[in-house]
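Throughout the sequence shown, residue numbering follows this note's numbering, covering 987 to 1346 in sequence.
Ideal placement from N, C-alpha and C gives every residue a C-beta, glycine not left out.
None of these values were measured; they are calculated from a predicted model.
Heads up, the thing below is written out as structure tokens.
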Amino acid sequence: MTGTNQSSVSEFLLLGLSRQPQQQQLLFGLFLSMYLASVLGNLLIILAISTDSHLHTPMYFFLGNLSFVDICFSSTTVPKMLANILSNQTISFPECLTQMYFFIVFTDMDNFLLAIMAYDRFVAVCHPLHYTTKMTHQLCALLVSGSWVIAILNALLHTLLMARLSFCADNTIPHFFCDGAPLLKLSCSDTYLNEMMILTEGAIIMMIPFVCILVSYICITCAVLRVPSTKGKWKAFSTCGSHLAVVSLFYGTIIAVYFSPSSSHSAETDIAAAVMYTVVTPMLNPFIYSLRNKDIKGALVKIISRIFFFLFNNDIDSEYHTGNCFVIKSFFFHYSPKYISYPSTYLSWVNEILGTNSSG
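Rendered as structure tokens:
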């Protein structure tokens, strides 16, 4: 499209991940599978938490919100990417701005929730005796609702700043979704204000939670190192290590794309990094944060056993139903009897690691 102002630009062309037909078929199958795994995994977490009263605690409240945000996060970019592989690769200017808006909202929410969950673990491990008094329902609701307000306002700010720009001649976006960085490169207007807002206000919103996460896990590590139990140390480091791996993947790729000189990375590198934090991270979160958790597994066992009972109640006796429940439990808990202890509380996990002599 050509023109002298943004009103002449009716659509953009998204180049996507590859223009090779053979690769496109492979990529479609791969990303469709990853998207379905992400949505299914996160939906199971939400279902387990919402239907089990034992999981109505701060820890699982945050996990449920993270699962909801991850579903929305993936759904903002992946369905459009899959549609572009099958058909045309165009997106209208209003659709582009809308996609960018929701992308920023859910990116910020992921960012805030990861920090809130790290703080939640810090209080549980370092101040277990005061956990219930510090992490009140009012505080949890305030943290999440405040995060939504900030994320929505931040996304609105960047979207309005983008909407005022003019786009001339080139309308080809070397990406699989409408990201702010490649859009700024296409603009023929002065983008100084947009870039400064990304580097200042955007950096503050991303870096403060990131620093909070690092400080929280440093404090947790120091507390765990004082634990005499080798088993407790190993369990804590295994859990925290997997959390930090996902956090590093999320923040590392975002920082590399948005807060480093554009000359230091190519469009292909930006696309690969975007795949990491828009597709891979939301898919990993339910497995890292939730599906490894025995409380979540116990809740899922209850849900699936109820489904079995509902489906087969008219055809089988209770003994057969009991046998099916045993098979389900064995599948979820890897045939390990130590996990068939449902439910346990968050603080029981802390006590198992730190021992009963932890003090506030």
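Can you tell me the Cα-Cα spacing of residue i and residue j, whole angstroms?
i: F960; j: T1207; result: Since the first and last residues shown for the chain are 987 and 1346, residue 960 lies out of range.
i: I1136; j: Y1087; result: 13 Å
i: V1210; j: I1204; result: 10 Å
i: L1172; j: T1158; result: 8 Å
i: T978; j: G1284; result: The shown model of the chain, from 987 to 1346, leaves out residue 978, and the question about it has no answer.
i: S1131; j: Q1008; result: 45 Å
i: A1167; j: L1012; result: 27 Å
i: L1003; j: V1265; result: 13 Å
i: I1274; j: S1228; result: 6 Å
i: Q1010; j: L1235; result: 25 Å
i: C1174; j: F1153; result: 6 Å
i: M1192; j: I1241; result: 9 Å
i: A1110; j: S1291; result: 32 Å
i: L1230; j: S996; result: 42 Å
i: M1262; j: A1141; result: 21 Å
i: C1226; j: V1091; result: 26 Å
i: D1106; j: A1155; result: 50 Å
i: G1188; j: Q1075; result: 29 Å
i: S1304; j: H1040; result: In this predicted model, S1304 has a pLDDT of only 47, less than 50, meaning its place in the structure is not dependable; the value taken from the coordinates is given anyway. One C-alpha to the other measures close to 26 Å.
i: T1177; j: L1139; result: 20 Å
i: I1355; j: Y1046; result: In this structure the chain extends from 987 to 1346, so residue 1355 is not present and cannot be described.
i: L1143; j: F1079; result: 17 Å
i: K1217; j: L1001; result: 50 Å
i: T949; j: S1133; result: Outside the modelled stretch of the chain, which goes from 987 to 1346, sits residue 949, for which no answer is possible.
i: R1212; j: S1248; result: 44 Å
i: H1042; j: L1115; result: 19 Å
i: R1005; j: P1214; result: 57 Å
i: S1322; j: L1016; result: With a pLDDT of only 37 at S1322, under the threshold of 50, the placement of this residue in the model should not be trusted; the figure read from the coordinates follows. In a straight line, the C-alpha of S1322 is about 32 Å away from that of L1016.
Below 8 Å CB to CB, which residues in the same chain sit around residue i once its five sequence neighbours on both sides are set aside?
i: Q1085; result: T1062, T1063, K1066, I1077, F1163 and C1164
i: G1050; result: I1031, I1032, I1035 and S1036
i: F1054; result: N1028 and I1032
So, under 8 Å CB-CB, residue i and residue j are touching, yes? Tell me the CB distance rounded to an integer number of Å.
i: I1071; j: H1161; result: In fact, because the Cβ distance is near 14 Å, the residues do not count as touching under 8 Å.
i: D1038; j: K1288; result: 7 Å
i: D1094; j: P1268; result: At roughly 14 Å, the Cβ-Cβ gap does not stay under 8 Å, so D1094 and P1268 are not in contact.
i: M1185; j: F1245; result: Residue 1185 is actually Leu in this sequence, not Met. Yes, L1185 and F1245 are in contact; Cβ-Cβ is about 7 Å, under 8 Å.
i: V1243; j: A1253; result: At roughly 11 Å, the Cβ-Cβ gap does not stay under 8 Å, so V1243 and A1253 are not in contact.
i: I1102; j: F1048; result: 6 Å
Excluding the five sequence neighbours on either side, which residues of its own chain have a C-beta within less than 7 Å of the C-beta of residue i, listed in chain order?
i: T1145; result: L1083, M1086 and Y1087
i: A1104; result: C1198, I1199, S1202 and Y1203
i: L1018; result: L1068
i: P1044; result: D1106, M1121 and C1126
Buried or exposed: where does residue i fall if 16 or more other Cβ atoms within 10 Å of its Cβ makes it buried?
i: V1197; result: exposed
i: D1096; result: buried
i: Q1124; result: exposed
i: I1347; result: With the chain running from 987 to 1346 in the structure shown, residue 1347 is simply not present.
i: F1089; result: buried
i: V1313; result: Its pLDDT being 44, under 50, V1313 is placed unreliably in this model, and the value from its coordinates should be taken loosely. Exposed, since its Cβ has fewer than 16 Cβ neighbours within 10 Å.
i: L1052; result: buried
Check whether the Cβ of residue i lies closer than 8 Å to any Cβ atom in chain D.
i: S1060; result: The structure shown has no chain D; it contains just one protein chain.
Just to confirm, are residue i and residue j a CB contact at a threshold of 8 Å?
i: L1100; j: I1199; result: yes
i: N1028; j: P1272; result: yes
i: Y1433; j: S1073; result: Absent from the model: residue 1433. The displayed extent of the chain is 987 to 1346, so no value can be given.
i: M1148; j: L1179; result: no
i: V1232; j: L1270; result: yes
Could you pull out every residue in the same chain whose Cβ sits closer than 6 Å to the Cβ of residue i, ignoring the five residues on either side in sequence?
i: M1182; result: none
i: L1151; result: S1173 and S1175
i: F998; result: I1077, C1082, N1157 and I1159
i: G1238; result: none
i: V1025; result: I1057
CB of residue i to nearest heavy atom of the ligand SAH: below 7 Å?
i: T1186; result: This structure does not include the ligand SAH; it has no bound ligands of any sort.
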